[in-house]
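Chains as they are written, first to last, in our numbering: chain A, 2 to 86; chain B, 8 to 369.
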C-alpha cells in the first residue's frame, strides 16, 4: 500500500480547485494531485502514491547518496584501501 | 527509470552486502515495519544474502492485513446494500471477512469498484448523484493525506452522497505495542520510508530512547534496504541508540508540512483494533466532528455483526514479528492466495503472500 513511484512532473494545472499535474513514469503518463507539493515545478521529481504526490524527491540528496556509495563500494575496491597516493 | 534503476545496481548492492557481513559480529533481530519492504527484500532475494547472524522479522505495516475483521464485515454489509457503490483499493476485495469477501459481494450483483485514487471515488459520486458512494479509506500515514483530500474535496463540491469507511492506522503506536510486549525480540527497526516522507521522523527519537532501539528510516529499492540495514546494524554494533535517515532523497526530519496540516484539519487520533493484534491505544485516525457527516459508519447502521476469525490463522503473531509465515501449519496447504485464511496471504504486501510467491516455504 505504501508503495510510492518516482515520477517527473511534466506540467501543472488547476482542476475543480485542485492543483493537478501530468507526471511521467518512465514513459507512462498519469494525472496526479499535487496539492501536497504546492511549490513543485515542471521538470522536478515527486513520489506518487494512489494518485497523489506525497513529497518532492531531492535531486541533490539523490546525487550525493549515489556518489558517496560509488566512491565507497566501487571506486574504493578498484583503488584499494590505501587509495591512489 | 530515474530514481529507481540506479538504486538496483547489483555491483553496489553486492559491495554493501559484503560490508554488512563484515560489520555484523553479533546476533541481531531487526524488523522492517513496512510490508512493501518485506516484499522488496524477498523479491530481490536480499533476505537470502544477509549475514547468518542477522535475523529479519516482518512488521505490521500492511494496512490491508491489519484492517479489523469487524470493519471488513461492515464493508461487506454496506457494499451489499442496494443503491450503494462501494469503492476500494484493489487489495481489499479478496480479504476474507467472517463469511465472505467483497469480491463475492460483487459476484452476487453488488456494485463494488476498484479505484486507483480516492479522487476517483469522489468522481464516481459526482457522476452518480442518485447512488450512495462509499470509499474504504484504509492505510497508514502515507495514504492518509490522499484519503483525507477526498473528504475535503467532497465537502467543497457539496457532495451529499459520498462517505468514507475509515480504517486509518499509524506506525509509532504500533512500534510502542511491539517494543512494549513481554515477547518482544526486536532490537532495531527499519522505519517505513514513505510514512516518514509524509510525517517526517520527529516522532521516532523518543521511541528509540524509551526502548533503547536504533532506527533507520529506509527506502524501498535494494540499495535503500541494504543501506538501512547497514545503518541500523552499525548502530547496534556500536551500542548507539539514535534515529538515522537512510532515505534522504525522500525524507526530511519535519516531513511534508502541507500534508500534516491537512491531516490535522480532517482527522483526530483514536484507539483502533488491528486485525490479529487487538486494540492499540491512539493508533488510529478518525474523522473530526467537522467531517463527521462523511463517516460511513454513522451513515449506515449495519447493526451488530458477529465477526469470527479462522482459528488456524497465525497472522497476528506474524505481524508482531513473533513468527514467520513458513512456521504456520496452514501455510501453502490450507492457506494459499487462492483460498486465503487471513489477510496476510492476500495483500500484495502481506508477509505470507510474499513467502508464497517467492517460494520461501522453509
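No residue lacks a Cβ here, since even glycine has one placed at the ideal position from N, Cα and C.
CA-CA distance, residue 113 (chain B) to residue 360 (chain B), rounds to 23 Å. Interface annotation, residue 101 (chain B): not in contact with chain A, CB-CB separation never under 7 Å. In the DSSP assignment, residue 263 (chain B) falls outside any alpha helix (DSSP H) and carries neither an H nor an E.
With respect to residue 66 (chain A), residue 49 (chain A) sits apart: the two C-beta atoms are not nearer than 7 Å. Across the structure, residue 79 (chain B) and residue 355 (chain B) are spaced so that their CA atoms are roughly 17 Å apart. At a cut-off of 3 residues, the continuous stretches assigned as beta strand (DSSP E) that sit fully inside the segment 178-264 of chain B are 195-199, 222-225 and 250-252.
Annotation: residue 44 (chain A) has no Cβ neighbours in chain B at a cutoff of 9 Å; minimum Cβ distance is about 12 Å. Pairing residue 191 (chain B) with residue 52 (chain B), the inter-Cα distance amounts to about 26 Å.
Against residue 179 (chain B), chain A offers no close residue; the least beta-carbon distance is about 15 Å (beta-carbon pairs closer than 9 Å). Taken atom to atom, the span from the alpha-carbon of residue 281 (chain B) to that of residue 116 (chain B) is near 30 Å. Listed along chain B are 123, 124, 125, 126, 127 and 153, each with a C-beta nearer than 8 Å to that of residue 52 (chain A). Of the candidates B:229, B:194, B:183 and B:234, B:183 places its Cα closest to the Cα of residue 210 (chain B). The C-beta of residue 48 (chain A) comes closer than 7 Å to at least one C-beta of chain B. Only 41 and 43 from the segment 37-66 of chain B bring a Cβ to less than 7 Å from some Cβ of chain A.
Only residues of its own chain outside the window of five on either side were considered, and among them 85 have a CB closer than 6 Å to the CB of residue 307 (chain B), listed in chain order.
Put simply, the backbone Cα of residue 45 (chain A) is about 34 Å away from that of residue 358 (chain B). Assigned with DSSP and collapsed to three states, residue 39 (chain A) falls in coil, not helix or strand. Closest by C-alpha distance to residue 96 (chain B), out of B:263, B:225 and B:172, is B:172. In this structure, residue 64 (chain B) sits near residue 328 (chain B), with a CB-CB distance shorter than 7 Å.
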